[in-house]
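If you use mature numbering (1 follows the signal peptide of the UniProt record, and there is no 0), the sequence shown corresponds to residues -23 to -1, 1 to 153, in order. Data first, discussion second: the structure below is written as structure tokens.
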Amino acid sequence: MLSSRIGRGLAAGLVAVTLPVLAGCSSSGTQVAYTPSDGVWTNHGNLRLRNVVAVAPREGEATLVGTIFNNGSGADALTGVRVPGGQAKVGSGTVPLPARGVAVLGDTTSLGTAVPTTLTGAGLKPGLAVPVTFRFQRAGTVRLDILVVPRRGIWATVPPPGGGPKPRLPSKPLPG
């Protein structure tokens, strides 16, 4: 009887000591937000730019892909994009961002139809990062260093620069 009381006391003491230690493990760096993709993201005021990447079929030109969320109660608009040593064309020049709305750039997703976006310039080489500046009517400017990826693999269906048709992928895997 005495040994079972001692055993229960030791077990309770062991639980009391190990619980705080185990609880401390849960506050590790796994709570840091990250994007599990090639695209980059940032928050700027009420705007959320997500998964922004340049998809290049060849050196010197790319389709700018990404999503912009306006979490604010007032409308805004993307009025321009700049890339050093190059040019950018975004839709008709202005992309509306309604309050609590979204704008999809470059490739249509479940969030909406894409606004065609084209970047041209010598610095657009797959594997490099290029600084891109977004200009908004109300929110000002946002600068991101975005990755230039080749138009293959998961990026193979992104429309080419200029908003041409998406390539059709084979319905069956090719023998390899």
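Backbone N, C-alpha and C fix where the C-beta goes; we use that ideal spot for every residue, glycine too. Keep in mind that this is a model prediction, so the values were computed, not measured.
For G117, the enclosing beta strand (DSSP E) begins and ends at 117 to 127. For G100, the three-state secondary structure derived from DSSP is coil. Put simply, the region 69 to 76 does not touch the region 35 to 44. Fewer than three CB pairs are less than 8 Å apart.
Annotation: the continuous beta strand (DSSP E) that includes R25 extends over 24 to 35. Counting the other Cβ atoms within 10 Å of the Cβ of N20 gives fewer than 16, which makes it exposed.
According to the DSSP assignment, D53 belongs to the beta strand (DSSP E) that extends over 53 to 59. In this model, G100 and V126 are separated by some 12 Å (Cα to Cα). Residue pairing by DSSP places R112 opposite G57, T118 in a beta bridge. In this structure, the CA atom of N23 is about 5 Å from the CA atom of N48. The C-alpha of V42 lies about 19 Å from the C-alpha of D53. Contact between A91 and I45 does not hold, since their C-beta atoms are separated by about 12 Å, which reaches or exceeds 8 Å. A distance below 9 Å separates the beta carbons of V109 and A31. Comparing C-alpha distances from A133 to each of P34, L26, G16, V29 shows the shortest one belongs to P34. Using a Cβ distance threshold of 9 Å, F111 and G57 count as a contacting pair.
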